[in-house]
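Trainee: The following block contains the structure, expressed as structure tokens.
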Amino acid sequence: MMKKGIDEDWTKRVFACIQCGKCTGSCPESAKTPLNIRMVVRRKQFGSVSASQHVWYCTSCGACTIRCPRDVKPSEVLIHIRSDLVESGRISTSIQRALENSLIQKNPWGKARSKRSEWALKADFQIKNIGDLREKRLLFTCCVEAYDPRCNVIPRNVSKILTYAGIEFGILMEEEICCGNEIRRLGEKGLFEELRDENISNFKKYGIEEIIALSPHCYNAIKNEYGEEAPGVVHYTEILWRLLKEGIIRVGREYKKKVVYHDPCFLGKQNGIFEEPRNILMAIAGTELLEFTRSRENSLCCEGGGGRMFYDVDLEYERNAKSRVSEAQELGAEVIGVACPFCLVTLEEEAKEKGIEVKDISEIITEVLL
Amino acid sequence: MSYGLIMADVRRGLFDERNLDLVGFCNVLNIDPWLILPKGAYNVREAYFKRIIQVEMGEEEFINPLNAVITVKKVIEKFGDPFALIFSASSSGMEIAPYVAGYLKSPIITDVSGYQKESGTLLKSLYSDKVFASLKIKGEGFFVITVRSGSFRHEAREIEENTIYEKLEGLTRDERRRFLGYIEEEKQEVDITKADFLLSIGRGVGTKDEIPLYEELASLLGATISGSRPVIDKKWLPKSRQVGTSGKTVKPKVYLAMGISGAFQHVSGMKDSECIIAVNKDPEAPIFQYAHYGIIADMHKIRDRLIQILREK
Amino acid sequence: MERNVLVIGGGIAGITCSLELAANGVKVTLIEQGPSIGGRMIQLDKTFPTLDCSSCILTPKMAEVSTNRSIELLTLSTVMEIERKGDGFSATILSNPRYVDMEKCSTCGACASACVMKVPDEFNFNLGKRSAIYIPFPQAVPQKYLVDRNACLFLSRGKCKKSCLDACEHKAINFEEKDRLIKRDFSAIVIATGFDLFDAASLGEYGMRKRRGVITSAELERILSPTGPTNGEILIEGKKPERFFFVQCVGSRDSQRGVKYCSRICCMYTAKHAYMIKEKLKDASIYVSYIDVRAYGKGYEEFFRSVQELGVLYIKGIPGEIVERGRSLLVRVEDMLSGELREIEVDVVVLATGILPSRDIFRIGKMLGLDLDEYGFVKVDPTYPSLAGKEGVFVCGTASGPKDIPDTVAQSTEAAASVFEYICRGK
Amino acid sequence: MNILVFLKRVASSQEEELKILGEGEAVDLSRLPFKLNDWDNYALEEAIRAVEKEGGHVIAISLGAKESDDVLRRAIAMGAGEGILILGEEALFDPRLRAIVASRFIKKEGFNFDAIFTGVQAEDDQFGTFGGYLAGILELPYVSMVVAIEEWGKGYVLVRRELEGGLMEKVKVSLPSVLSIQTGINEPRYVSVMGIRRASQIERKIYESSLYMEGVISSIEVLKWSYPPKKEGAKILPYDIDGACRELLQILKERGVCQ
């Protein structure tokens, strides 16, 4: 079912670790939090999990796993340790809440399932139910985007653009559930499987041929962790860029701002989509695209992933979002462009004070379309 | 006229205001309010009761549900069946009422907040006040109810004739449950999830220097202070005071949010509060979508004025 | 049949083997793809652990190749086809023209001065520039100029004033020269195709070619060399760096994005580099990050110790990433022995890139039907390290796996002996 | 130490706007997810902790439709030794009837127990009567709103119960007894989906509720369902600073948090 490397015999990989420290050097949580990812693997070699609670600091950015010279997949080892903790029942209440919500309400925020498509009902144009379509192209919304009034704009904007471009698509309405990406990373393997199976059975039920994922997290789960039964999935920036390139949608207004693009871990370093979001921004007249010193595969994680939205962090330390926003300010950026709801939420919280806007690419492009 | 037997809601020598709801309930049903009361000098509003039966028991014995059964049985034995056994929906009433009902196998409805005369139905909330049910009690005999605080108080009327006093003596005690003492909540480590009243401050507070004044306001109000993530991140308040998905989920009776815009993660941690009051100068702040009451104003000005008023008191 | 041997590759392995064979009266055709023999070793300034001058050792051997009558040297040449023929082989060799008559060229350099086209100098890993008509490096063999036909404006675009023609007093330049196909029979073939280097830019987190100050060890080698682009002065982008960080195992021991094996030479060449920098810049602060220090050869461990005694700080743990902080580079590395994550600010990061099999080996291996290992090195029997597994085919140097210079030389000599024994059989 | 814990499967309604069908005939629960009643979860955790410490056995019992098996599986995954379903067509609405069925079941099946734990109330009907009513029928000592179990002694248990305003009462009760457990008494452990799958392999006994209902019928009847008065966003206090402050203090007073 799973793609290469996700669930294969992982103990072998643990023993293959040569303790080179590449993972710790790559980890955005090293030094400032107690998490030492190399030590996690080391302890696992000896079967001891004494510092196990530290595993909750991981943001699942994937840098360790991408760079590990021995392909040990440290972030996956960590998930296995989280799994043990989940199975033992000894997890913090905030994580527990997210998991229980995902089991009962099918989203970690515990929002009503019946309200999942409220964002669509509030739109001033019609968004179709996938069941009413001939072309089975599904717009898959992330839980945060479905429920958070701030992030609601992402599905609404993308829907608007797709509708305008004449691309037929539909949504699953109340049947849509969490993709499980974060759930798997929280170590709740069984729950991930349930969410995955329910999603896949919905995909099958409606004969879905293509999925447009709005969140890189959903994109990642469907693409890499759902196995062969899942239909093809694209991230919305890929579609938008294609529409722009082919002239199907056109930029009609200027967006005279300095925009620095922040690569989301699950879109960039983990799935190699670096160009499309940049291309979209570069296609907008008046927009000056800036780059962080840490960009593309070196992009600094916003710390929203891997369940960190739900982990009750006891320690006080500088959030990456803060250093990210400071750098944006030094660069003279007026807007931080993102393509992930988690990055939007985490960065915006820091950026507000500094007078820097954080905008999803879909927001910027919607403002300037003809 | 049939009577409603009210089990006094007393605690540590105090006759609770809530008892008036029970009187009001009797008045609405047009039955005589009878009160049973433990030994002790209670500030009972006697004029409300047709009959006051003082039980030869101390307060702690009296509110022990095992003894309550003995008391109630004795009253019924002596005066005949009441129309209803009435308790307040308090920590005592919620404990004693079902126990007595079970012992007597009577019908029971709890947390009654209304009565409809025409249909003779009792109104009870369900699903955290999301819906109400109009309930009818079937069959013969008396029933047991608990009454929601504040719902019938305004119906309470003094009676015209004199109150009759009775004494109930010679009751046995059930020794299987014994009161050992009261414990005040330890105050050292504040648990914001247990607070009834939270004063929560957010990014709008601006600078650290403002914090002590909010702490003063909280202490004047008798509120516990908490905050949203930006305030905690800046270490202006300890981590244990953080409300939100990455902090604590709280459900106080009153959540007074000052300078909190209402980010999703924060709202998830407090939206179930019984009453949310938001103070924010931005009328578009999402917090107003969740609040029951809103004040669109500078939080500092509100704070200063509140402090002033409270100090004057 | 004449005892004639084809040696493919003009590095230290091919040179050593050719000279040994020639010394035994065997006729050798040594072909080299590039314009000069000398291979990787001639690009080195010093050799470890003795810090001998690399070119001082190699230049006499190169000269001997050019003068030895038993050795036919074909530069700019590649093998196009090899077929078995009788007991031996028939090979077709493509020889590209130099456009300079080697008889006439006096190596005066006037042509290069006249040439208007400047291109990056590959001998110096593109750190300097050279003309389209050039001599690869001062000690090149053949010690003659040649025209880079891809760079030459006339040859590539047909548009040039050709001032080189005027500049050459000896009228040695001839743009009319054409490719030649040479067909020759050989009794045996020696593969000495050497190695390529891992491309450090493929590990994006190190910032090679993206961040100023990130260079490879090979580039540093040229910077340190008196014949290099800075004449041996340590200058990176025109500035004198003071803080150096060496990253070992770049591409080596990396089953995900590099190669699984240990490249064997990086620990020692890095130690050598650290030593050489300390010699030149006494106050330089130098960090070397490593997974394991492999100093297994004669005198190696002693050398490693002497480098440490100079104050070079070895850090167990390789960096996760290198990012910019102001004008410096910030290396994020776990110092595993103290358990701390260090963020070290430096001016230069040197990436010790590992060894890859030469790209050519796949083509040649296919022609000869050789067994290559999973990486592309020629498979050999450990008890006969120069036997390539096919009758009459021999291998030496790094074509069969990573080796340092002493091992390469030893094995090349052994290969010559095996070849000699083979061709003398039945005579 | 053997503890019987009663568990109720309830609709999860916290985030939902409930719909009333027809002219107040019923509440539409068809689109709601179901879960274990929150209070019962604490009761279950407390029972499991007790037997983990004192030895013994937790038996989880649920009255309800066959779907209530979900909460039993969850209970077993959490550490209960046994799961029993008292099967009825639907959950019994009348708290009297529920308690009578439970008491008859306990007596008839002859359980040997030291304590019965229930949650203080159920999220759905919020009667908060089950434990007390059951204790009354069984004539067992009862303590409600238990926020701490301090000591399991020989034939007794020392508990704290929660009163208003942060006050607690220390109570000693003899065993066997019935305790209604308040939320916050512990931090219930997480029960993983894998754990529930494993627990499914342990058989849950099923008893028909009709066996215990002879001669009793529901004593209450719902005549009508209705909505509470509609809440229309925040009520903005339209005064000047002073007026707003005074109204604010008035609200605090009404809510009973500030005099």
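Going down the list, the sequences are from chains A, B, C and D. Quick note on numbering that gives the first Met the number 0: the first sequence kicks off at 0 and runs consecutively. Quick note on numbering that gives the first Met the number 0: the second sequence kicks off at 0 and runs consecutively. Quick note on numbering that gives the first Met the number 0: the third sequence kicks off at 0 and runs consecutively. Quick note on numbering that gives the first Met the number 0: the fourth sequence kicks off at 0 and runs consecutively. Think of the CB as a built atom: it goes at the ideal place given N, C-alpha and C, for glycine as much as any other residue.
Considering only their Cβ atoms, is the gap separating C/G193 from C/G10 smaller than 8 angstroms?
Mentor: For C/G10 and C/G193, yes; Cβs fall inside 8 angstroms.
Trainee: Go ahead and pull the three-state DSSP assignment for D/E257.
Mentor: Correcting the residue type first, residue 257 of chain D is Cys in the shown sequence and not Glu. Residue state, collapsed to three classes: coil.
Trainee: To the nearest angstrom, report how far apart D/L86 and D/S61 are at their CA atoms.
Mentor: Going from the Cα of D/L86 to the Cα of D/S61 covers about 8 angstroms.
Trainee: Indicate whether the contact test is met: 3 or more Cβ pairs, each with one atom in the region 139-154 of chain D and one in the region 105-121 of chain B, closer than 8 angstroms.
Mentor: Output reads no: the region 105-121 of chain B does not touch the region 139-154 of chain D.
Trainee: At what residues does the beta strand (DSSP E) containing D/E220 begin and finish?
Mentor: Here the beta strand (DSSP E) through D/E220 covers I219 to S225.
Trainee: Please list, in chain order, the chain B residues whose beta carbon lies closer than 7 angstroms to that of D/R254.
Mentor: Within 7 angstroms Cβ-Cβ: K252, V253 and C274.
Trainee: Among residues of its own chain, excluding the 5 on either side of B/C274, which ones have a beta-carbon nearer than 6 angstroms to its beta-carbon?
Mentor: Cβ neighbours of B/C274 beyond the five flanking positions: V253 and H291.
Trainee: Identify the contact partners of A/P148 in chain B, using a Cβ-Cβ distance below 8 angstroms as the criterion.
Mentor: In chain order: F263, P285 and Q288.
Trainee: Put B/G101 into one of helix, strand or coil per three-state DSSP.
Mentor: Helix at B/G101.
Trainee: Could you run through the region 226-248 of chain B and flag, in chain order, every residue whose CB is less than 7 angstroms away from some CB of chain D?
Mentor: Cβ contacts with chain D come from no residue of the region 226-248 of chain B.
Trainee: Give me the chain D residues within the contact set of B/A132, using Cβ-Cβ distance strictly less than 7 angstroms, ordered along the chain.
Mentor: Correct list: V221 and W224.
Trainee: Assign C/Q247 to buried or exposed, taking buried as 16 or more other Cβ atoms, counted over all protein chains shown, within 10 Å of its Cβ.
Mentor: Flag for C/Q247 reads buried.
Trainee: What residues in the region 24-52 of chain B have a beta carbon less than 9 angstroms from any beta carbon of chain D?
Mentor: Flagged: no residues at all.
Trainee: By the three-class DSSP mapping on this structure, what secondary structure does A/E181 have?
Mentor: Three-state DSSP puts A/E181 in a helix.
Trainee: With a threshold of 7 angstroms on Cβ separation, who are the neighbours of A/G267 within its own chain once the five nearest residues in sequence on each side are excluded?
Mentor: Taken in chain order, the residues that qualify are F273, R295, E296 and S298.
Trainee: Where A/L161 and A/I248 are concerned, what is the direct C-alpha to C-alpha distance, given to the nearest angstrom?
Mentor: For A/L161 and A/I248, the distance between alpha carbons rounds to 9 angstroms.
Trainee: Closer than 9 angstroms between beta carbons: that is the criterion. Which residues of the region 181-213 of chain B meet it against chain G?
Mentor: Of the protein chains in the structure, A, B, C and D, none is chain G.
Trainee: If you count every other CB in all the chains shown that lies within 10 Å of the CB of B/S218, and 16 or more means buried, which is it?
Mentor: Exposed is the call here.
Trainee: Could you check whether A/Y260 and A/G336 sit closer than 8 angstroms to each other, using their CB atoms as the reference points?
Mentor: In contact: A/G336 and A/Y260 (Cβ atoms closer than 8 angstroms).
Trainee: Using a Cβ-Cβ cutoff of 7 angstroms, what residues of the region 98-110 of chain C are near chain A? List them in chain order.
Mentor: The region 98-110 of chain C vs chain A, Cβ under 7 angstroms: nothing.
Trainee: Give me the Cβ distance between C/C16 and C/V189, rounded to the nearest whole Å; I'm assuming they're in contact under 8 angstroms.
Mentor: Sure, about 5 angstroms apart at Cβ, within 8 angstroms.
Trainee: Apply the 10 Å Cβ neighbour rule to D/P227 and answer buried if 16 or more other Cβ atoms are within range, or exposed otherwise.
Mentor: By the neighbour-count rule (16 or more Cβ atoms within 10 Å), D/P227 is not buried but exposed.
Trainee: May I ask you to report which of helix, strand or coil DSSP gives D/G63?
Mentor: Here D/G63 sits in strand by DSSP.
Trainee: Report yes if the CB atom of C/L57 is closer than 8 angstroms to the CB atom of C/S65, and no otherwise.
Mentor: No, these two residues do not count as a Cβ contact at 8 angstroms.
Trainee: Taking the alpha-carbon positions, what's the A/P154 to A/L132 distance?
Mentor: Between A/P154 and A/L132, the C-alpha separation is close to 18 angstroms.
Trainee: Have a look at A/T10, A/V152 and A/Q95 and flag the residue whose alpha-carbon is nearest the alpha-carbon of A/D123.
Mentor: Nearest option by C-alpha distance: A/V152.
Trainee: Between A/S325, A/E167, A/T23 and A/D8, which has its C-alpha nearest C/L336's C-alpha?
Mentor: Checked all of A/S325, A/E167, A/T23 and A/D8; the closest Cα to C/L336 is A/T23.
Trainee: Assign A/D8 to one of two classes, buried (16 or more other C-beta atoms within 10 Å of its C-beta) or exposed (fewer than that).
Mentor: The residue is exposed, with fewer than 16 neighbouring Cβ atoms inside 10 Å.
Trainee: The region 109-135 of chain B: which residues have C-beta closer than 9 angstroms to a C-beta of chain A, in chain order?
Mentor: Residues passing the 9 angstroms Cβ filter: none.
Trainee: Within 10 angstroms of the Cβ of C/E320, are there 16 or more other Cβ atoms? Answer buried if so, exposed if not.
Mentor: When all chains shown are included, C/E320 counts as buried.
Trainee: What three-state label does DSSP hand C/N23 in the structure shown?
Mentor: Of the three classes helix, strand and coil, the one that applies to C/N23 here is coil, per DSSP.
Trainee: Buried or exposed: which applies to A/V13, given that a residue is buried once 16 or more other Cβ atoms fall within 10 Å of its Cβ?
Mentor: It is buried - the Cβ of A/V13 has at least 16 other Cβ atoms within 10 Å.
Trainee: Based on Cα-Cα distance, which residue from C/E19, C/L350 and C/C151 lies nearest to C/C159?
Mentor: The option with the nearest alpha carbon to C/C159 is C/C151.
Trainee: Is it true that the CB of A/V324 sits closer than 8 angstroms to the CB of A/I355?
Mentor: Yes; because the gap between Cβ atoms is below 8 angstroms, this pair is in contact.
Trainee: Which of helix, strand or coil does DSSP assign to A/C141?
Mentor: If DSSP states are grouped into helix, strand and coil, A/C141 belongs with coil.
Trainee: For my contact list, D/T117 and D/F33 are in at a C-beta cut-off of 8 angstroms; report their separation, rounded to the angstrom.
Mentor: Rounded, the Cβ-Cβ distance is 19 angstroms, inconsistent with contact.
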